[in-house]
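Let me begin by presenting the structure, written as structure tokens, before commenting on it.
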Amino acid sequence: MGYQVRDYVVDDEPSWLRCRVLSFLGAALHEKVLVAKPEVSGAELVAVDGDVVVGILDLAVDGELATIEAVAVHPDHQHRGIGGALLSRARARALALGATTLDAWTRDDAPTLRWYRGMGFGESDHHPHVFADHHTSADEPARAVVARPGLRAVKAVLHADLGEEARSRREFARVRVCRRFAIALRGELAGRGDDVDHRAVAQDRHRQR
Ligand SMILES: CC(C)(COP(=O)(O)OP(=O)(O)OC[C@H]1O[C@@H](n2cnc3c(N)ncnc32)[C@H](O)[C@@H]1OP(=O)(O)O)[C@@H](O)C(=O)NCCC(=O)NCCS
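Right, here's the structure in full:
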């Protein structure tokens, strides 16, 4: 199969959405289904086989920090270098837009963690996510959040402090670790992650999502 990496165009949207949802089906982020493509500030890249989107990469650039908002390859097309090709194009685009660090947040899927490490990223931060769901256990949501009078929590996703991880794992069935991977785009730091200031900025931004 041949594929081409190019910029996303509006007509790609149905194929982009299909590619994204199928790519994430087997991943820890599977429940985050989108029905419209979000706009991002940096670059919107796709890998296409003819008119069919088989890989996506959205990049947000804010000053010197470029963040991969989404990277996904259709399951029928993984392990053929498409993710690597998208990443390589994204790195060049991020550099051209003035970024010095490229980062991404991902949950604990072993193949994805291996992929980021294999692509030269270093892990620079992590924190647990707690999923409290009444389908898992009727009282999980109430153990996680206090709803205001008149409302009853049925599902909640919470960022937990690192010190809360062991306790959260005892109390909730689903706790996934959210990890930040980063790579420096130029200079001596290339391949070694990034500096502390970027990490703090990225953490703040991530918590606001
Ligand atoms: C992570 C992901 C984007 C990687 O995409 P991909 O196209 O499979 O990536 P690549 O093909 O470039 O690399 C994957 C593996 O194939 C290998 N590979 C690369 N080119 C290859 C080729 N031509 N033939 C065989 N193997 C190849 C790579 O060495 C790599 O090996 P590793 O996983 O053991 O390190 C993809 O697996 C995916 O969409 N996962 C689900 C969604 C997800 O979790 N996204 C990240 C969330 S932040």
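Read left to right, the sequence shown gives residues 241 to 449 (the working numbering). Heads up, the beta-carbon is just placed ideally off N, CA and C, and yes, glycines get one too.
Item: In this structure, how does DSSP classify Ser377 when only helix, strand and coil are distinguished?; Value: coil
Item: Taking C-alpha atoms, which residue in Arg246, Ala310, Ser281 and Ala300 lies nearest to Gly290?; Value: Arg246
Item: Report the start-end ranges of each alpha helix (DSSP H) in the region 280-308 that is 4 residues or longer and not cut off at the edges.; Value: none
Item: Am I right that Ala382 and Ala393 are in contact with their C-beta atoms under 8 angstroms? What's the rounded C-beta distance?; Value: 6 angstroms
Item: Terminal residues of the continuous beta strand (DSSP E) containing Ala424?; Value: Arg414 to Ala424
Item: Give me the Cα-Cα distance between Val386 and His369, rounded to the nearest whole angstrom.; Value: 18 angstroms
Item: Taking the alpha-carbon of Ser364 as reference, which of Asp302, Leu353, Val311 and His374 has the nearest alpha-carbon?; Value: Leu353
Item: Please report how far the alpha carbon of Phe264 lies from the alpha carbon of Ser255, in whole angstroms.; Value: 14 angstroms
Item: Using the C-alpha atoms, what's the distance from Ala350 back to Ser408?; Value: 21 angstroms
Item: Using three-state DSSP, classify Gly358 as helix, strand or coil.; Value: helix
Item: As a quick exercise: from Ala268, Thr341 and Gly323, pick the residue whose alpha carbon is nearest that of Gln244.; Value: Gly323
Item: Would you grab the beta carbon distance between Val280 and Ala306 for me? Rounded to a whole angstrom, and I think it's under 8 angstroms.; Value: So it is not a contact: roughly 10 angstroms between Cβ atoms.
Item: State the DSSP-derived secondary structure class of Ala406, mapped to helix, strand or coil.; Value: helix
Item: Rounding to the nearest angstrom, what Cα-Cα distance links Phe421 and Trp355 in this structure?; Value: 11 angstroms
Item: Starting from Ala332, follow the alpha helix (DSSP H) in both directions and report where the run begins and ends.; Value: Ile322 to Ala336
Item: Taking only three categories from DSSP, how would you classify Val261?; Value: helix
Item: I need the DSSP call for Glu428, collapsed to helix, strand or coil.; Value: With a pLDDT of only 40 at Glu428, under 50, the local geometry of the prediction cannot be trusted, and the value read off the model is given with reservation. Correct three-state label for Glu428: coil.
Item: Return the CA-CA distance between Gly360 and Leu402, expressed in angstroms with no decimal places.; Value: 25 angstroms
Item: In three-state terms, what does DSSP make of His479?; Value: What the structure shows of the chain is the stretch from 241 to 449, and residue 479 is not part of that stretch, so it cannot be assessed.
Item: In whole angstroms, give me the CA-to-CA distance for Asp454 and Gly242.; Value: Given that the chain is displayed from residue 241 to residue 449, the structure contains no residue 454 and the question cannot be resolved.
Item: Classify Asp343: buried if its beta carbon has 16 or more other beta carbons within 10 angstroms, exposed otherwise.; Value: buried
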